[in-house]
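Have a look at the structure below before the remarks.
In this note's numbering, the protein residues as written are 27 to 419.
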């Protein structure tokens, strides 16, 4: 399946796989985990960065997940999904040095996985590490996780099963005019919203485990000695210093190889998109989303009015719906800038050098697997790429 304008992604065991350019043997394997919400479609949200790493010689395995209040469950799901994918890739991929790369919540998930499982990792690159409470780490949730919302479980449940479902159907109708590949990649962004709505309806206020317990798990169990921690100078929710302190007092402290760097930019720097390479389908979806969202908000307003809710609560519910509409729009039109190619190149160099890759390769060269007749997502193709590395999946 196509993963965007710069790479030919293949889906395998629920993960997205991207090889170096044809004829180049992978020099390492990068397991990538993205941040909250955008982590459901990492091959789309982080496409330029991951394609840059593949162009430098990495075999990239991006593991998608649905955002949840239960971080341990998500960490377990991500770990086992990746292990199934790695097994399906075969012994040549298994023999590659493996590096974990995570952004925001993805960095926390890597830290939890490295604390709960005996993984064979050559090192982790943890960007914009974030172990804050739910209201701080996902600001859009702040007005929604409130004590007075506990009494509104039935209303939120109705929102999740009626207006939201109708709204999602409208989104899907809108997506029918978009290419099938883009549809498949955007839909997971929408599908993760209903469980979040229902979690809040059932009284969820904080992540499981809460931040202090996560720190304790990492302090007692983290087993990856070599780590590169990257923070961005204008990132207001970064907790890289706290992670560094936790690792320095962890079980792996005596063997710890820790590098901490501060780079220019904001929290969303790894998500940057090259304006010249954004798919026309995605751009069109973003443009139409605003119009469709107005209709969706009208439906929610009717529900609020019928329920006779007070103004403050109505405002909170409206914010919840805006969260739903904003996720796909964020993917479609955020962080595009003229400087994105240079910013992504520099960030890919920081990560790549840590992973033993030469700096300076240009991601404009598509990292691709050859198309094979009769192969499908999740199955094995026939025949290797040029060179001795068997890239068939």
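Backbone N, C-alpha and C fix where the C-beta goes; we use that ideal spot for every residue, glycine too.
All values reported here derive from a predicted model rather than from experimental measurement.
Given residue i as reference, the closest of the options once Cα atoms are compared
{"i": "residue 126", "options": "46, 239 and 89", "result": "89"}
{"i": "residue 119", "options": "74, 252 and 45", "result": "45"}
{"i": "residue 251", "options": "296, 53 and 140", "result": "140"}
{"i": "residue 145", "options": "280, 57, 380 and 268", "result": "57"}
{"i": "residue 35", "options": "102, 377 and 77", "result": "77"}
{"i": "residue 152", "options": "254, 222, 94 and 117", "result": "254"}
{"i": "residue 288", "options": "109, 43, 112 and 265", "result": "265"}
{"i": "residue 299", "options": "282, 261, 370 and 112", "result": "370"}
{"i": "residue 91", "options": "62, 110 and 116", "result": "62"}
Residues near residue i by beta carbon distance below 7 Å, same chain, minus five either side
{"i": "residue 60", "result": "68, 71, 72, 129 and 132"}
{"i": "residue 159", "result": "232 and 237"}
{"i": "residue 276", "result": "244, 245 and 248"}
{"i": "residue 143", "result": "105"}
{"i": "residue 261", "result": "154, 292 and 293"}
{"i": "residue 282", "result": "251, 273 and 274"}
{"i": "residue 234", "result": "95, 96, 97 and 98"}
Cα-Cα separation, residue i to residue j
{"i": "residue 87", "j": "residue 107", "result": "11 Å"}
{"i": "residue 51", "j": "residue 79", "result": "13 Å"}
{"i": "residue 386", "j": "residue 372", "result": "8 Å"}
{"i": "residue 136", "j": "residue 41", "result": "16 Å"}
{"i": "residue 377", "j": "residue 222", "result": "32 Å"}
{"i": "residue 43", "j": "residue 84", "result": "11 Å"}
{"i": "residue 279", "j": "residue 74", "result": "34 Å"}
{"i": "residue 271", "j": "residue 156", "result": "14 Å"}
{"i": "residue 350", "j": "residue 66", "result": "Residue placement at residue 350 cannot be trusted, given a pLDDT of 47 that sits under 50; what the coordinates show is reported in the next sentence. One C-alpha to the other measures close to 14 Å."}
{"i": "residue 423", "j": "residue 109", "result": "Residue 423 is absent from the model: the chain starts at 27 and stops at 419."}
{"i": "residue 103", "j": "residue 242", "result": "21 Å"}
{"i": "residue 256", "j": "residue 295", "result": "11 Å"}
{"i": "residue 121", "j": "residue 111", "result": "14 Å"}
{"i": "residue 365", "j": "residue 268", "result": "30 Å"}
Beta-carbon gap between residue i and residue j smaller than 8 Å
{"i": "residue 383", "j": "residue 82", "result": "yes"}
{"i": "residue 154", "j": "residue 293", "result": "yes"}
{"i": "residue 240", "j": "residue 105", "result": "no"}
{"i": "residue 225", "j": "residue 380", "result": "no"}
Per DSSP, the bridge partner or partners of residue i
{"i": "residue 57", "result": "87 and 126"}
{"i": "residue 379", "result": "In the DSSP output, where bridge partners are listed per residue, residue 379 has none listed."}
{"i": "residue 262", "result": "Beta-bridge pairing links residue 262 to no other residue."}
{"i": "residue 149", "result": "125"}
{"i": "residue 255", "result": "152 and 286"}
{"i": "residue 234", "result": "96"}
{"i": "residue 44", "result": "86"}
{"i": "residue 37", "result": "42"}
Contacting residues, own chain, Cβ-Cβ under 6 Å from residue i (five flanking each side not counted)
{"i": "residue 291", "result": "258"}
{"i": "residue 285", "result": "254"}
{"i": "residue 367", "result": "300"}
{"i": "residue 149", "result": "125 and 252"}
{"i": "residue 440", "result": "Outside the displayed range of the chain (27 to 419) lies residue 440, so it cannot be described from this structure."}
Same chain, Cβ closer than 8 Å to residue i, five either side skipped, listed in chain order
{"i": "residue 101", "result": "135, 138, 139 and 142"}
{"i": "residue 54", "result": "83, 84, 85, 122, 123, 124, 125, 148, 381, 382 and 383"}
Any non-hydrogen atom of the ligand MN within 7 Å of residue i CB
{"i": "residue 94", "result": "Here there are no bound small molecules, and the ligand MN is not part of this structure."}
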